[in-house]
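Participant: Take the sequence shown: its position 30, counting from 1, is numbered 50 in the numbering used here, and each next residue is one higher.
Have a look at this one.
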Amino acid sequence: MAAEQLNGYVLHRRAYRETSFLVNIFTLENGKVSAVVKGVRGSKSDKKSLLQPFQPLLIAVSGRSELKNLQQVEPTGAMIRLAGQALYCALYLNEVLNRVLADEIPHPEIFVLYKQSMHALVVQTNFEPVLRSFELGLLDALGYGIDLTHDADTGQPLADNGYYRIVPELGCVYQGDIRLSGCYSGQSLLNVASENWDKDSLLAAKRITRTTLGELLGNKPLMSRELFKQTHFKSKGREL
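What follows is the structure, encoded as structure tokens:
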């Protein structure tokens with residue numbers, strides 16, 4: 021079977037058997053692809069050095085099963101250089117994608133979103149808008165997005181001064197003009213929908229995406245989030 025060439029980024033790499041690696045690569049053409057890289061552990065091969073996160077790659081894989089054989093790999097550009105908070109955020113993006121994406125289902129719109137988010141982390145000093153935009157875009161692309169502009173019961177636009185509860189699989193449901201526990205202001209929801217970020221809309225987006233993504237991620241904690249908590253960033257009151 022001829023090898024298939026794919027453009028992508030490594031999401032995760034781990035030891036496999038005695039001399040190999042198992043890599044999960046997010047590709048433009050085929051979505052997440054799992055592949056065995058044979059005979060590279062303990063060596064100084066180009067494959068080993070290239071199979072790092074944030075490095076754009078062209079890979080050649082073969083095999084009929086979901087677990088492919090990685091035959092060739094070459095860089096298609098410079099590695100995205102990240103440090104500090106940006107690095108932890110990028111690791112978070114990788115881990116979320118690795119957990120929620122099924123194998124070999126193309127998601128070109130998520131691939132574009134991922135690249136945009138990674139490059140935004142390089143230049144932005146406030147990482148929260150980048151993360152929230154990524155999470156919202158990811159949920160929309162996977163079919164779990166929520167209409168944050170209209171009342172689910174009436175179909176009318178949200179009222180700026182109204183308060184709404186988000187009901188799973190339904191949307192925003194009007195609760196009145198007085199804030200109740202677990203509710204969001206119409207203005208903050210509209211700001212989330214338009215990605216007009218301020219303190220309230222960022223907090224609302226985090227609550228919304230944490231709940232919805234949590235259902236997809238399951239109960240296993242995210243390692244990137246735990247690592248972030250262990251750094252000095254925790255003392256600044258920040259979390260992913």
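From the three backbone atoms N, C-alpha and C, an ideal C-beta is built for every residue, glycine too.
(1) If you check the beta carbons only, do Arg185 and Leu200 fall under 9 Å apart?
(2) Taking all protein chains shown into account, do 16 or more other C-beta atoms lie within 10 angstroms of the C-beta of Ile125, making it buried, or fewer, making it exposed?
(3) Is the distance from the Cβ of Arg119 to the Cβ of Leu242 below 9 Å?
(4) Cα-Cα, which of Ala172, Ser65, Tyr108 is closest to Gly206?
(5) Below 8 Å, can you find three or more Cβ-Cβ pairs linking the segment 49-69 to the segment 104-115?
(6) Let me check understanding here. Comparing Cα to Cα, which of Met138, Gly51, His127, Pro128 lies closest to Gln75?
(7) Helix or strand or just coil, what does DSSP make of Ala172?
(8) Am I right that Arg166 and Ile228 are in contact with their C-beta atoms under 8 Å? What's the rounded C-beta distance?
(9) According to DSSP, simplified to helix, strand and coil, what is Asp123?
(10) Can you give me the Cβ contacts of Leu209 inside the same chain, cut-off strictly under 7 Å, excluding the 5 residues immediately before and after it?
(11) At which residue ranges does the segment 104-155 contain complete alpha helix (DSSP H) runs of 4 or more residues, listed in the order of the chain?
(12) Do you know offhand how far Leu26's Cα is from Asn211's?
(13) So Leu260 and Tyr108 are in contact, right, with Cβ under 8 Å, and what is the actual spacing, rounded?
(14) Could you tell me the distance, in whole angstroms, from the CA atom of Leu71 to the CA atom of Gln91?
(15) Just mark Glu155 as buried or exposed, buried being the case when its beta carbon has 16 or more other beta carbons within 10 Å.
(16) Taking only three categories from DSSP, how would you classify Ala23?
(17) How close, in whole Å, do the beta carbons of Thr47 and Val56 come, if the pair is a contact with beta carbons under 8 Å?
(18) Return the Cβ separation of Asp197 and Gly175 in integer angstroms, given the expectation that the two are a contact with Cβ distance under 8 Å.
(19) Please report how far the alpha carbon of Lys58 lies from the alpha carbon of Gly97, in whole angstroms.
Facilitator: In terms of the structure at hand:
(1) Cβ distance < 9 Å, so Arg185 and Leu200 count as in contact.
(2) The C-beta of Ile125 has fewer than 16 other C-beta atoms within 10 Å across all chains shown, which makes the residue exposed.
(3) Judged by their CB atoms, Arg119 and Leu242 are nearer to each other than the 9 Å cut-off.
(4) For Gly206, the nearest C-alpha among the options comes from Ala172.
(5) no
(6) Met138
(7) coil
(8) Residue identity differs from the one stated: residue 166 is Ile in this sequence, not Arg. Ile166 to Ile228, Cβ: 7 Å. Contact.
(9) strand
(10) Leu168, Leu178, Tyr184, Cys192, Ala224
(11) Runs of the alpha helix (DSSP H) inside the segment 104-155: 104-120, 128-143.
(12) So the alpha carbons of these two residues sit roughly 37 Å apart.
(13) About 7 Å; that satisfies the 8 Å criterion.
(14) In this structure, the CA atom of Leu71 is about 12 Å from the CA atom of Gln91.
(15) buried
(16) coil
(17) Actually they do not touch by this definition, with Cβ atoms about 16 Å apart.
(18) Contact doesn't hold; Cβ gap of about 20 Å is too wide.
(19) 24 Å
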